[in-house]
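Notes follow once the structure below has been shown.
Protein chains: 4
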Amino acid sequence: MAIVMDVHALTGFLAAEFAQVAKDFTVLAVTEALLEVRLNVGTQHLRPGGTVSGPSMFGLADVAMYLAILSRIGPVALAVTTNCSIDFMRKPAAGRALIAQARVLKLGRVLAVGDVLLFSEGQTAPVARAGLTYAIPPKT
Amino acid sequence: MAIVMDVHALTGFLAAEFAQVAKDFTVLAVTEALLEVRLNVGTQHLRPGGTVSGPSMFGLADVAMYLAILSRIGPVALAVTTNCSIDFMRKPAAGRALIAQARVLKLGRVLAVGDVLLFSEGQTAPVARAGLTYAIPPKT
Amino acid sequence: MAIVMDVHALTGFLAAEFAQVAKDFTVLAVTEALLEVRLNVGTQHLRPGGTVSGPSMFGLADVAMYLAILSRIGPVALAVTTNCSIDFMRKPAAGRALIAQARVLKLGRVLAVGDVLLFSEGQTAPVARAGLTYAIPPKT
Amino acid sequence: MAIVMDVHALTGFLAAEFAQVAKDFTVLAVTEALLEVRLNVGTQHLRPGGTVSGPSMFGLADVAMYLAILSRIGPVALAVTTNCSIDFMRKPAAGRALIAQARVLKLGRVLAVGDVLLFSEGQTAPVARAGLTYAIPPKT
Numbered sequence: 001m002a003i004v005m006d007v008h009a010l011t012g013f014l015a016a017e018f019a020q021v022a023k024d025f026t027v028l029a030v031t032e033a034l035l036e037v038r039l040n041v042g043t044q045h046l047r048p049g050g051t052v053s054g055p056s057m058f059g060l061a062d063v064a065m066y067l068a069i070l071s072r073i074g075p076v077a078l079a080v081t082t083n084c085s086i087d088f089m090r091k092p093a094a095g096r097a098l099i100a101q102a103r104v105l106k107l108g109r110v111l112a113v114g115d116v117l118l119f120s121e122g123q124t125a126p127v128a129r130a131g132l133t134y135a136i137p138p139k140t
Numbered sequence: 141m142a143i144v145m146d147v148h149a150l151t152g153f154l155a156a157e158f159a160q161v162a163k164d165f166t167v168l169a170v171t172e173a174l175l176e177v178r179l180n181v182g183t184q185h186l187r188p189g190g191t192v193s194g195p196s197m198f199g200l201a202d203v204a205m206y207l208a209i210l211s212r213i214g215p216v217a218l219a220v221t222t223n224c225s226i227d228f229m230r231k232p233a234a235g236r237a238l239i240a241q242a243r244v245l246k247l248g249r250v251l252a253v254g255d256v257l258l259f260s261e262g263q264t265a266p267v268a269r270a271g272l273t274y275a276i277p278p279k280t
Numbered sequence: 281m282a283i284v285m286d287v288h289a290l291t292g293f294l295a296a297e298f299a300q301v302a303k304d305f306t307v308l309a310v311t312e313a314l315l316e317v318r319l320n321v322g323t324q325h326l327r328p329g330g331t332v333s334g335p336s337m338f339g340l341a342d343v344a345m346y347l348a349i350l351s352r353i354g355p356v357a358l359a360v361t362t363n364c365s366i367d368f369m370r371k372p373a374a375g376r377a378l379i380a381q382a383r384v385l386k387l388g389r390v391l392a393v394g395d396v397l398l399f400s401e402g403q404t405a406p407v408a409r410a411g412l413t414y415a416i417p418p419k420t
Numbered sequence: 421m422a423i424v425m426d427v428h429a430l431t432g433f434l435a436a437e438f439a440q441v442a443k444d445f446t447v448l449a450v451t452e453a454l455l456e457v458r459l460n461v462g463t464q465h466l467r468p469g470g471t472v473s474g475p476s477m478f479g480l481a482d483v484a485m486y487l488a489i490l491s492r493i494g495p496v497a498l499a500v501t502t503n504c505s506i507d508f509m510r511k512p513a514a515g516r517a518l519i520a521q522a523r524v525l526k527l528g529r530v531l532a533v534g535d536v537l538l539f540s541e542g543q544t545a546p547v548a549r550a551g552l553t554y555a556i557p558p559k560t
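Residue numbers (the working numbering), protein chains in the order written: chain A, 1 to 140; chain B, 141 to 280; chain C, 281 to 420; chain D, 421 to 560.
Following this line, the structure appears as structure tokens:
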């Protein structure tokens, strides 16, 4: 499915609609195959010991899938997550950003489904994987 | 399985080990059947529109299961979430705290499994449900 | 939400629409709180060692949620499972039927969400738990 | 991680350990990146309308991940599924076999995690996706 929002458009959308958290994320790339976004890890994302917290990893996976869907359907702020199943596989490397790679596997009229891999920046073994479903509001 | 950490002990554990987020949570009750904890919702937990964010709901479910496990095995800070499958079912009510009710369904030597329901305080229809698995570190 | 199909009606529906597998299942009870159904375990459900197979447990959880939804919305054969997250917690007892207890947590216009516990008949520790989402076809 | 069981070895293992269902599956390929296995769809796998049933899809995903793990650790019959989260995205094409492509994302001492895509043979849009966790028994 054609990409209708590119890195620039997605970045602008985040800044406009999610001003509170937009600076935490940098959209790196968007193609039909994969959307890539970075969590710019700050102290608010860390657990004792310096590792990124579970909610921060969840939030990154969620944002990545949301942006991947929007890249195909345009700025539909009201798409909502209905399910996320996330496996935490390895402890993220301390002092590194996290990278999410999201792919859309189904884009239906009502539901969109995809999955996400999370990596510590510069590493190849994923720290987490997630499958997510979004409900897309009916067009009005 | 007998409860070895009560509300007071769990509250102290949170304050000591997770000082950064401990004030966000209030442990309300702990029995063999159910652990109940409240997310004291602040602006950092909200999305535009005043609804609690997905990562905040995930974080509450995760904390609730963690505390429910600790209430039975004692203060094992190193227990880690390995999987969470969460269904977001309804939009939380604006301006209300969120309540999590967690139950432990299996407490094995290596893995603990349970589920959590989340409610807007004072309401009966759950806003989310989650199943979680924790890996318990071997005793040393 | 009121129950519109009782044990008798659900049993008849299974026999009419799913003749191939209907005899595997016995609907035991249906209330607003809980639907209970038994898998009448036969050799086709077993793995080497005499334990019930994973797909058979999945199938039981899936049928239980399906029937629980139908008990509230009537005989909508086209409702389809969109997600199931299942945790296998204990090996089922050999030589025993499996019991599923399903509850509906959300019944929306488009999606229904619930969860299921599976037990070896006569035992109290669950062998598996599952969360399931069904898509409900639009009324025509 | 090196492959220690190839297509031939995995096929022999299935026939020896899971004689009841071995003929339902054909192992097509195994590399470090991906294991591919086909469900040779028979009437026992179908629902009314001729579509492959949910439990059959679950079973295929489960077998695919099991074989992918064994291809790396050798014939450990006692590895058991602890969690599966599966998204059903499209109705399988009638009259076609199902193909599973499994990849191992983590192979730990205790837990192995991976994901699986299912396709109707000869088609490119996946019908389902699953994330699975296996517990690996301690070496004795």
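C-beta atoms are modelled at their ideal positions from N, C-alpha and C, and glycine is treated no differently. All of these numbers come straight from a predicted model, not from anything done at the bench.
Close partners of A:N40 in chain C (Cβ separation under 8 Å) are lacking, with about 30 Å as the shortest Cβ gap. A contact is defined here as three or more CB-CB pairs under 8 Å, and the stretch 450-465 of chain D meets this definition with respect to the stretch 476-493 of chain D. C:T311 and C:I283 have their C-alpha atoms some 7 Å from each other. Among the residues facing chain B, C:D395 is included, as its CB has a counterpart in that chain under 9 Å away. Just so you know, the alpha carbons of A:A9 and C:C364 end up roughly 34 Å apart. Beta bridge pairing from DSSP links B:K163 with no other residue. One thing to note: D:A488 has its Cβ no nearer than 9 Å to the Cβ of D:G432. From the listed residues C:T413, C:V396 and C:L308, the smallest Cα separation to C:P406 is found for C:V396. Residues of chain C with a Cβ closer than 7 Å to the Cβ of B:K246 are, in chain order, M369 and R370. Taking every protein chain shown into account, the CB of A:G54 has 16 or more other CB atoms within 10 angstroms, so this residue is buried. Membership of B:A156 in the alpha helix (DSSP H) is indicated by the continuous run V147 to E157. In the three-state reduction of the DSSP assignment, B:I276 falls in the coil class. Taking the Cβ atoms as the reference, B:L251 lies roughly 18 Å from B:I226, outside the contact range of under 8 Å.
Assigned with DSSP and collapsed to three states, D:T463 falls in helix. Looking at the backbone, the Cα of C:A299 and that of C:L358 are separated by about 16 Å. Distance from the CA of A:A22 to the CA of A:L14, rounded to the nearest whole angstrom, comes to 5 Å. Nearest neighbour of C:T413 by Cα position, chosen from C:A296, C:T361, C:R352 and C:E297, turns out to be C:T361. Shown here, B:V253 sits in a strand according to DSSP, grouped into three states. Residue contact with chain C for B:S225: present (Cβ-Cβ distance below 9 Å to some residue of chain C). A straight-line Cα-Cα distance of about 16 Å links D:R516 and D:L448. Setting aside the 5 residues that flank it on each side, A:M1 is surrounded in the same chain by E32, R72, V104 and L107, each with a C-beta closer than 8 Å to its C-beta; the list follows chain order. The beta carbon of D:G551 falls within 9 Å of a beta carbon belonging to chain A, placing the residue at that interface.
With a 10 Å radius around the Cβ and a threshold of 16 neighbouring Cβ atoms, B:A240 comes out buried.
Non-local C-beta neighbours of C:V287 in its own chain, meaning closer than 6 Å and more than five positions away in sequence, comprise V307 and V310, ordered along the chain. In this structure, A:A102 sits away from D:G551, with a CB-CB distance that is not shorter than 9 Å.
Sequence-ordered contacts of the stretch 322-336 of chain C with chain D read T323, Q324, L326, R327, P328, S333, G334, P335 and S336 [C-beta pairs closer than 9 Å]. Here B:G271 is bridged, per DSSP, to B:S225 and B:D255. Against chain B, the CB of C:A405 has a partner CB under 9 Å away; the residue lies at that interface.
Linking C:P418 to A:R109 through their CA atoms gives a straight-line distance of about 12 Å. Between D:P512 and D:T463, the C-beta spacing is not below 9 Å.
DSSP, reduced to helix, strand and coil, places D:S476 within a helical segment of the structure shown.
Collapsing the DSSP output to three states places C:I283 in coil. Per DSSP, the beta-bridge partners of B:V170 are B:L175.
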